[in-house]
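Q:
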Amino acid sequence: MTRVRRLMTSPVAIGALVLVLAAVGFGLYWFQPWKLWADQTVNEAVPPAKPSRQAGPETLATGTLISHEHATTGTVRVVKLADGSRILRLENLDTSNGPDLKVWVTDAPVREGKAGWHVFDDGAYVSLGDLKGNKGDQNYELPDAFDPNTYTSVTIWCDRFDVSFGAATLTAAS
Numbered sequence: 152m153t154r155v156r157r158l159m160t161s162p163v164a165i166g167a168l169v170l171v172l173a174a175v176g177f178g179l180y181w182f183q184p185w186k187l188w189a190d191q192t193v194n195e196a197v198p199p200a201k202p203s204r205q206a207g208p209e210t211l212a213t214g215t216l217i218s219h220e221h222a223t224t225g226t227v228r229v230v231k232l233a234d235g236s237r238i239l240r241l242e243n244l245d246t247s248n249g250p251d252l253k254v255w256v257t258d259a260p261v262r263e264g265k266a267g268w269h270v271f272d273d274g275a276y277v278s279l280g281d282l283k284g285n286k287g288d289q290n291y292e293l294p295d296a297f298d299p300n301t302y303t304s305v306t307i308w309c310d311r312f313d314v315s316f317g318a319a320t321l322t323a324a325s
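This note's numbering numbers the first residue of the sequence shown as 152 and each following residue consecutively.
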């Protein structure tokens, strides 16, 4: 018994215990596994048209989300509002929650399967900010410099692991 007690109080054992606890803490911070069971639903409406002579919201482009690293479904719309500003709208979004998820518009082609997981940070992209929730309807303000001829796709991007959860090709509305 004294041999075990001496081993447990030795500087080497205490140092090893501290290292193990630090590794576990870092792993929990980095992977955030609890997010796999915690959904965040957002249900934003399309902003209403402001009183003016202009018409209401107009859909400029649409797309359907496909799955990449995680099962992802929903649709994407680029909407021009009555005041001339534009938003990216995610509708009926359903994806996994995860650490450091962003919404990006990119110039990368959308590829199915593993081939499409890592392509979106290779070229031009604009981050529209953090994903507000992994389920529901959401609006993201597009910058004035947004060019639909340059940015032809949308991705739900995990910045922590440099991987796409899901993506959509934007097609001009007819």
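Heads up, the beta-carbon is just placed ideally off N, CA and C, and yes, glycines get one too.
Output yes or no for whether 8 Å exceeds the beta carbon distance between I307 and F297.
A: No, the Cβ-Cβ distance between I307 and F297 is not below 8 Å.
Q: Who are the near neighbours of S304 in its chain, counting only those whose CB is closer than 8 Å to its CB and skipping five residues on each side?
A: Around S304: G214, V256, T257, D258, A259, P260, V261, F271, A318, A319, T320 and L321.
Q: State yes or no: is the C-beta of H104 within less than 8 Å of the C-beta of D310?
A: Residue 104 is absent from the model: the chain starts at 152 and stops at 325.
Q: By the 10 Å Cβ neighbour count, where 16 or more other Cβ atoms means buried, how is V163 classified, buried or exposed?
A: Exposed, because fewer than 16 other Cβ atoms sit within 10 Å of the Cβ of V163.
Q: Return the residue from the list G235, H221, P250 and R237 that minimises the CA-CA distance to L244.
A: If we check each option's Cα against that of L244, H221 comes out closest.
Q: Check L293 in the structure and name its three-state DSSP category.
A: Correct three-state label for L293: coil.
Q: Kindly indicate if chain B contains any beta-carbon less than 8 Å away from that of V230.
A: As a matter of chain content, chain B is missing from the structure shown, which is built from one protein chain.
Q: Cα-Cα, which of E242, Y180, A189 and K253 is closest to R228?
A: When only C-alpha atoms are compared, the closest one is E242.
Q: For V261, name the three-state secondary structure that DSSP assigns.
A: The answer is coil: DSSP assigns V261 none of H, G, I, E or B.
Q: Taking only the alpha-carbon atoms, compute the straight-line gap between V254 and L282 and give it to the nearest angstrom.
A: Those two C-alpha atoms are separated by around 6 Å.
Q: If you draw a straight line from the C-alpha of P208 to the C-alpha of G287, how long is it?
A: In a straight line, the C-alpha of P208 is about 20 Å away from that of G287.
Q: Would the beta-carbon of V197 fall within 8 Å of that of R237?
A: For V197 and R237, no; Cβs fall outside 8 Å.
Q: Just to confirm, are Q183 and G284 a CB contact at a threshold of 8 Å?
A: Contact: no.
Q: Can you tell me whether DSSP reads A222 as helix, strand or coil?
A: Correct three-state label for A222: coil.
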